[in-house]
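**Q**
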Amino acid sequence: MERVKTGVLIVLVVLSLMQSYLLAYSMPGLGATLSTPQDYVNTALMGAEEKVENLIFPEDLVLHMGEGKHTLLYPAMNFYDRIYERIRGREFKGFQRSSIRAVDWKEVRDRDQGVELRFGRGVPVELLSKVIKLEGDLLFLSDVIDRIWIFNKRESNEVRTFFFSADSSTVYESVRADLTAQDIETYVGFGEFQTLYTPLEDELYIPQGPLQSVEAVVGYKSYSAEQMQGNLFFDPAVTRAISNRSGSQIYTDGKRGLQVDQNGKWISYTDPVARQELEDNIGDNVYASIAFINQHGGWDGMHRFIYPGPMDSSQTQIIRYQQYYGNYPIVPKEPFLYGDMRLRLQQGAVSEYERSLLTLQSKAETKAVKWLPGGEMLEKALASYIRRGETTALYPALIAVHLEDNRIRFQPAWVVRLTDGSQEMLLPALAGSEKPMPGEPGGGPIVNPDKKDNGASAETFEEVGANGAALPKSVSTGGSKAAVTVGDGGEEPLLD
Numbered sequence: 006m007e008r009v010k011t012g013v014l015i016v017l018v019v020l021s022l023m024q025s026y027l028l029a030y031s032m033p034g035l036g037a038t039l040s041t042p043q044d045y046v047n048t049a050l051m052g053a054e055e056k057v058e059n060l061i062f063p064e065d066l067v068l069h070m071g072e073g074k075h076t077l078l079y080p081a082m083n084f085y086d087r088i089y090e091r092i093r094g095r096e097f098k099g100f101q102r103s104s105i106r107a108v109d110w111k112e113v114r115d116r117d118q119g120v121e122l123r124f125g126r127g128v129p130v131e132l133l134s135k136v137i138k139l140e141g142d143l144l145f146l147s148d149v150i151d152r153i154w155i156f157n158k159r160e161s162n163e164v165r166t167f168f169f170s171a172d173s174s175t176v177y178e179s180v181r182a183d184l185t186a187q188d189i190e191t192y193v194g195f196g197e198f199q200t201l202y203t204p205l206e207d208e209l210y211i212p213q214g215p216l217q218s219v220e221a222v223v224g225y226k227s228y229s230a231e232q233m234q235g236n237l238f239f240d241p242a243v244t245r246a247i248s249n250r251s252g253s254q255i256y257t258d259g260k261r262g263l264q265v266d267q268n269g270k271w272i273s274y275t276d277p278v279a280r281q282e283l284e285d286n287i288g289d290n291v292y293a294s295i296a297f298i299n300q301h302g303g304w305d306g307m308h309r310f311i312y313p314g315p316m317d318s319s320q321t322q323i324i325r326y327q328q329y330y331g332n333y334p335i336v337p338k339e340p341f342l343y344g345d346m347r348l349r350l351q352q353g354a355v356s357e358y359e360r361s362l363l364t365l366q367s368k369a370e371t372k373a374v375k376w377l378p379g380g381e382m383l384e385k386a387l388a389s390y391i392r393r394g395e396t397t398a399l400y401p402a403l404i405a406v407h408l409e410d411n412r413i414r415f416q417p418a419w420v421v422r423l424t425d426g427s428q429e430m431l432l433p434a435l436a437g438s439e440k441p442m443p444g445e446p447g448g449g450p451i452v453n454p455d456k457k458d459n460g461a462s463a464e465t466f467e468e469v470g471a472n473g474a475a476l477p478k479s480v481s482t483g484g485s486k487a488a489v490t491v492g493d494g495g496e497e498p499l500l501d
C-alpha cells in the first residue's frame with residue numbers, strides 16, 4: 006500500500022510540474038485566440054512627447070531702455086531666447102509681499118533700465134518654479150504670477166526684482182536675486198536696434214514703425230479618425246458610428262464619445278467623470294493634461310500653456326495649449342478649427358479633449374515678407390475697436406486659413422485678447438512686401454524729412470559671455486531687413 010501511495014504521489018507531482026511549465030511558457034498553439042478585424046487598433050504615437058518646462062514661457066519680453074524708450078521681443082527670436090535662458094539660470098529667494106501701489110511703475114518704466122517678462126493671463130507659481138529657480142513661502146507658492154519685472158534703479162544702481170500677482174493688487178519682491186546691474190545692461194543692449202514701442206495707459210504697447218513678419222503656405226498631413234479612435238482606447242467590437250445632420254461623425258461605446266468634424270481634421274473627445282467636491286489643483290491638472298496628450302496624439306511644434314483663470318462653478322478646469330509657428334501664435338480663421346488643444350479636467354481626470362489631427366510639414370512651400378502696420382495706423386485701429394474696453398493684450402499673430410490640396414496659409418496680423426480669453430484680429434498685414442516708409446500708412450513717423458536713408462548704417466557692441474569673455478557682435482540696419490552678425494561671421498535675422 007505504501008508503494009502504491011508513493012507511485013500515485015510521484016505521478017501527481019509530475020503532472021503538476023507539467024501544468025506549471027505550460028502556464029509559464031505558453032506553448033505555441035495552446036489556447037491561442039484567433040485574430041479578427043474586431044481587435045483593438047494599435048496605438049500609434051502621432052506626435053512628439055513634451056515636458057512642462059517647454060510649455061511655460063513668457064508671451065513677450067519688454068525691454069525698458071531708459072529715457073522713455075521701450076521695445077518688445079517675441080518667443081523664438083534670437084535675443085528673446087538668450088535673455089530668457091539667462092534669467093532661467095538665476096535664483097530668486099527671499100520674497101516679501103506688498104501692495105502694487107508701493108512703487109510708481111510708470112516712473113520705473115520710463116526712467117530705469119530693465120526687462121519685463123509677461124506671461125499673458127498668468128502662470129501658477131507651482132508651475133513657474135519648474136522653469137525658474139524660486140524659493141518662497143506657501144503664500145507666494147500658491148499664487149499666480151503674470152509678470153516678472155527686473156530693473157536697475159538709476160539713482161542707486163540697485164537691481165530690484167518684482168513678481169506681479171494676477172490679482173492686479175499684489176507684488177512680491179525677491180530681495181535675494183543673483184542679478185547685477187551688468188546683467189540688466191546686457192539685456193537692454195539686445196534691444197538697441199529693435200523697433201521702438203510706445204506704451205499705452207493699460208500696459209499695451211504700440212510699435213512706432215512697421216514690424217516685419219512672414220506669410221507662409223505650409224502643407225500638412227492628417228491622421229485618420231480610426232487612428233485616434235484606437236489611440237483613445239475605443240474597442241471597435243462595441244463601438245457604434247453615427248452621422249449627424251451637420252456631417253460630423255460620432256463614435257461611441259455607450260460611455261465615451263468621439264466626434265470628428267471638418268472632414269476628419271478636428272476631434273472632440275468626451276469621457277464623463279463623476280463630480281467630486283474636493284478642491285482641484287491646477288498643477289496636478291496641468292501635469293495630467295500633458296501626460297494625456299503625450300499618450301493620445303502627441304504635440305506638433307511649439308505650444309504655450311494658457312492659464313484658465315479662476316475655477317468656474319462647474320468645478321472643472323479647461324487647460325489650453327496654444328500652438329506657435331515661428332515667432333508668433335496661431336489664431337484660426339473661423340470656421341476653420343486649428344491652433345490649440347483644449348482639455349477639461351477634474352482631479353486629474355480628463356473629461357473633454359479637443360484637438361486638430363493635422364501635422365505641418367517641416368518646410369513651408371512658399372514664404373513672403375509682410376509688414377505689420379505700426380504707429381498712427383495701428384493706434385487708430387485700436388482706439389476705434391468696438392471692444393477696446395475689454396482688450397487686455399495686443400500682439401502679432403498668424404491667422405490660419407485652410408486651403409485646398411492639404412495646405413494652410415499663415416497670414417500675419419495684429420490680434421487682441423479680450424477679458425474672456427478670446428482672440429480677435431484687429432488689423433491684417435499690409436499688402437505687398439515693401440516696407441512702408443516713414444509718413445506712409447503703417448510706417449513710422451517722419452523724424453527728419455531732410456535726412457535720407459543711405460541703406461547701410463551699422464553699429465557694434467559687445468556681449469559678455471558666461472565665461473566672462475567678450476563676444477563681438479554687429480547689427481546691420483540697412484535696407485528693409487535687419488540682421489545680426491554672430492561670432493562665427495554668419496548672419497542671423499533679427500526676426501527668425
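For the sequence shown, my numbering begins at 6 and goes up steadily by one. Note that beta-carbon positions come from the ideal geometry of N, C-alpha and C, so glycine has one too.
(1) Can you tell me which of the three DSSP states M346 falls into?
(2) Suppose you measure from the CA of L297 to the CA of G224; what does that come to, to the nearest Å?
(3) Measuring CB atoms only, is the region 187 to 198 touching the region 119 to 138, in the sense that at least three cross pairs come out at less than 8 Å?
(4) Using CA atoms only, rank isn't needed, just tell me which of K111, D345, L133 and D266 is closest to G303.
(5) Are the CB atoms of V291 and I324 nearer to each other than 8 Å?
(6) Could you pull out every residue in the same chain whose Cβ sits closer than 7 Å to the Cβ of K10, ignoring the five residues on either side in sequence?
(7) Can you tell me whether V16 is buried or exposed? The criterion is at least 16 other CB atoms within 10 Å of its CB, across all chains shown.
(8) Going along the chain, which residues of its own chain have a beta-carbon closer than 8 Å to the beta-carbon of V18, five neighbours each way excluded?
(9) R347 and E339: beta carbons closer than 8 Å?
(10) For K111 and L362, what's the separation of their Cα atoms in angstroms?
(11) Can you tell me which residues form a DSSP beta bridge with V164?
(12) Can you tell me where the alpha helix (DSSP H) with K111 in it begins and where it stops?
(13) At 3 residues or longer, what runs of the beta strand (DSSP E) sit wholly inside the region 46 to 92?
(14) Thinking just about the alpha-carbon of each residue, which of L205, R414, S229 and N268 is nearest to the one in P330?
(15) Just to check my reading of the structure: S170 and V149 have Cβ atoms closer than 8 Å, yes? What is that Cβ distance to the nearest angstrom?
(16) Leaving out the 5 sequence neighbours to the left and right, which residues in its chain are closer than 8 Å to P33 when beta-carbon positions are compared?
(17) Using the beta-carbon count (16 or more within 10 Å), is D410 buried or exposed?
(18) Please report the straight-line C-alpha distance between E7 and S21, rounded to a whole angstrom.
(19) Which one of E370, T371, D425 and K56 has the shortest CA to CA distance from T397?
(20) Where does A388 sit, in a helix, a strand or coil, going by DSSP?
(21) For A107, which of helix, strand or coil comes out of DSSP?
(22) Which partner residues of V120 appear in the DSSP bridge assignment?
(23) Starting from G224, trace the beta strand (DSSP E) in both directions and tell me its first and last residue.
(24) Would you kindly work out how many angstroms separate the C-alpha atoms of G252 and E72, rounded to a whole number?
(25) Which ranges would you report for the beta strand (DSSP E) in the region 396 to 456 if only whole runs of at least 3 residues count?
(26) For P441 and P215, which I take to be in contact (beta-carbon distance under 8 Å), what is that distance rounded to the nearest angstrom?
(27) For S31, collect the residues of the same chain with a Cβ closer than 6 Å to its Cβ; drop the 5 residues on either side in sequence, then sort them by chain order.
(28) Where do the N-terminal and C-terminal ends of the beta strand (DSSP E) with V291 fall, by residue?
(29) Quick check: the region 418 to 438 against the region 400 to 408, are there 3 or more CB pairs under 8 Å?
(30) The beta strand (DSSP E) that contains E208, what's its start and end?
**A** This is what the structure holds:
(1) Strand, per DSSP.
(2) Just to set this straight, residue 297 is Phe in the shown sequence, not Leu. Cα to Cα, the separation comes out at about 27 Å.
(3) Remark: three or more beta-carbon pairs, one from each stretch, lie closer than 8 Å, so the region 187 to 198 and the region 119 to 138 are flagged as touching.
(4) The residue with the shortest Cα to Cα distance from G303 is D345.
(5) Taking a C-beta distance under 8 Å as the contact criterion, V291 and I324 qualify as a contact pair.
(6) Counting only Cβ-Cβ distances below 7 Å, and skipping sequence neighbours, we find nothing.
(7) With fewer than 16 other Cβ atoms within 10 Å, it is exposed.
(8) Hits under 8 Å: none found.
(9) Taking 8 Å as the Cβ cut-off, R347 and E339 do not qualify as a contacting pair.
(10) A straight-line Cα-Cα distance of about 45 Å links K111 and L362.
(11) V164 pairs with N157.
(12) In the DSSP annotation of this structure, the continuous segment of the alpha helix (DSSP H) that includes K111 starts and ends at W110 to R116.
(13) Counting only runs of 3 or more, we get 65 to 71 and 74 to 78.
(14) According to the sequence displayed, residue 330 carries Tyr and not Pro. It is R414.
(15) The pair is a contact, with the Cβ atoms about 7 Å apart (cut-off 8 Å).
(16) With a pLDDT of 40 at P33, under the threshold of 50, the predicted position of this residue should be treated as unreliable, though the coordinate-derived value follows. Excluding sequence positions up to five before and after P33, its CB lies less than 8 Å from no other CB in the same chain.
(17) With fewer than 16 Cβ atoms within 10 Å of its Cβ, D410 is classed as exposed.
(18) Taking the Cα positions, E7 is about 21 Å away from S21.
(19) Closest option to T397, Cα to Cα, is D425.
(20) Correct three-state label for A388: helix.
(21) In the three-state DSSP reduction, A107 falls in the helix class (H, G or I).
(22) Note: V120 sits in a beta bridge opposite L68 and I155.
(23) Per DSSP, G224 belongs to the beta strand (DSSP E) from L216 to S227.
(24) A straight-line Cα-Cα distance of about 59 Å links G252 and E72.
(25) As far as the region 396 to 456 is concerned, its whole beta strand (DSSP E) runs of at least 3 residues are 396 to 408, 412 to 423 and 428 to 433.
(26) That belief holds up - the Cβ atoms of P441 and P215 are roughly 5 Å apart, short of 8 Å.
(27) With a pLDDT of 45 at S31, under the threshold of 50, the modelled position of that residue is not reliable, and no figure is offered here.
(28) No beta strand (DSSP E) contains V291, which is instead part of the alpha helix (DSSP H) from I287 to Q300.
(29) The region 418 to 438 is in contact with the region 400 to 408.
(30) Per DSSP, E208 belongs to no beta strand (DSSP E) and is neither H nor E.
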